[in-house]
Amino acid sequence: MNDLINIKVIQKDFNGEKKRFVNARELYQWLGVGRDFSNWIKDRIEKYDFVENLDYFIAFAKFGDGLNAQKTGKIIDAKTGKILPKEYVVSVDMAKELAMVENSEIGKKVRKYFISVEGDFKKVMRIAALDPKVINQLSSKFSETREETKDYRKDFTNCIKNFVAVKNYGTYTDMLYDFLFLEKAKEYRKLLELAKKDFTRNYMYEEILLIIGAFETGLAGEIEKESEKLGR
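Take any residue in the sequence shown, count from 1 to its spot, add 152: that is its number in the numbering used here.
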């Protein structure tokens, strides 16, 4: 089911805690709602008592040099004069409820997708709190998994090499670690008290290696597709 649905989930600091969000417009498109997006999201917020800056927040795409607000409530790009679309960024919990109340087969699948994604995030955080140096010694499959995920890493670095202008592998690795562990690679190494000669991924859990590998090979595919769209 997760092979069919692919809605981007982001994690960010919100009201002093780490929360996960999705763009409501992307969710709306996946749900196949047969009405205007703006009216749909406003109706759902009012009907189900979602609270701004608790369940969701509003963002605007950035163009030109700045934004101007009109009395109509519309946000205008200061340079181009274009009306900027209002984006509703909703928590995963709100997204699950929005999917559920659509009462459709795709709505059920989307809700299960978010439950699965949340489970992956929680699994990473739970495992990261333990000591992988001990756990890996007990895992007979660790070496096999480690070799398998080397190919995923190679896909990722080759993709950056072939399709990304700034080829700073460390920066992109830090972005990935920050997304999964809420800390950069250097901070993760410090947490594990690794020496310079220690290779970070030799001291990760088997499960975390697989999750990182899945993210890396998935990102590689997305970068390549986007590059093809841009004709690079």
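Note that beta-carbon positions come from the ideal geometry of N, C-alpha and C, so glycine has one too. For clarity, every value in this text was computed on a predicted model and none was experimentally measured.
>> Rounding to the nearest angstrom, what Cα-Cα distance links Y180 and L346 in this structure?
In response: 45 Å
> Could you check where the beta strand (DSSP E) with I159 kicks off and where it finishes?
Replying inline: Element bounds for I159: n/a, residue is neither H nor E.
> Based on Cα-Cα distance, which residue from F173, W182 and G184 lies nearest to N205?
Replying inline: F173
>> My output table needs one value for V242: the three-state DSSP class, helix, strand or coil.
In response: Strand.
> From K342 to K164, what distance separates their C-alpha atoms?
Replying inline: 22 Å
> Which value, in whole angstroms, describes the spacing of the CA atoms of Y208 and R263?
Replying inline: 17 Å
>> What residue range does the beta strand (DSSP E) around R196 cover?
In response: First-last for R196: F189 to K199, but that is the alpha helix (DSSP H), not the beta strand (DSSP E).
>> Rounded to the nearest angstrom, what separates E378 and G370 at their Cα positions?
In response: 12 Å
> Since F209 sits in a beta bridge, which residues does DSSP pair it with?
Replying inline: According to DSSP, F209 bridges with V241.
> Just reading off the alpha helix (DSSP H) that E169 is part of, what are its end residues?
Replying inline: Segment E169 to N175 is the beta strand (DSSP E) holding E169; no alpha helix (DSSP H) there.
>> So, under 8 Å CB-CB, A176 and V241 are touching, yes? Tell me the CB distance rounded to an integer number of Å.
In response: 7 Å
> If you pair each beta-carbon of the segment 248 to 264 with each one of the segment 320 to 331, do three or more pairs fall below 8 Å?
Replying inline: no
> Among all the DSSP beta bridges, which residues are the ones paired with K164?
Replying inline: K171
> Mapping DSSP to helix, strand and coil, what is E380?
Replying inline: Here E380 sits in helix by DSSP.
> Which residue from P237, V185, S243 and F166 puts its Cα closest to that of F202?
Replying inline: Of the listed residues, the one whose Cα sits closest to F202 is S243.
> When the distance is taken between beta carbons, is T309 closer than 8 Å to L361?
Replying inline: no
> Just how far apart, CA to CA, sit E296 and R305?
Replying inline: 15 Å
> Can the beta-carbon of I363 be found less than 8 Å from the beta-carbon of C311?
Replying inline: no
> In this structure, what does DSSP give as the bridge partners for E204?
Replying inline: Y208
> Measuring CB to CB, does R196 end up less than 8 Å from L250?
Replying inline: yes
> Ordered along the chain, which non-local residues of its own chain (more than five positions away) have a Cβ less than 6 Å from that of K336?
Replying inline: D326, Y329 and D330
>> Below 8 Å on the Cβ atoms is my contact criterion, and I expect E239 with I267 to pass it. Report the Cβ-Cβ distance as a whole number of Å.
In response: The Cβ separation is near 24 Å, so there is no contact.
> Contact check, K160 vs E178 under 8 Å by CB: the rounded distance?
Replying inline: Their Cβ separation, rounded to whole angstroms, is 7 Å, which keeps K160 and E178 in contact under 8 Å.
> Buried or exposed: where does Y265 fall if 16 or more other Cβ atoms within 10 Å of its Cβ makes it buried?
Replying inline: buried
> Would DSSP call S256 helix, strand or coil?
Replying inline: coil
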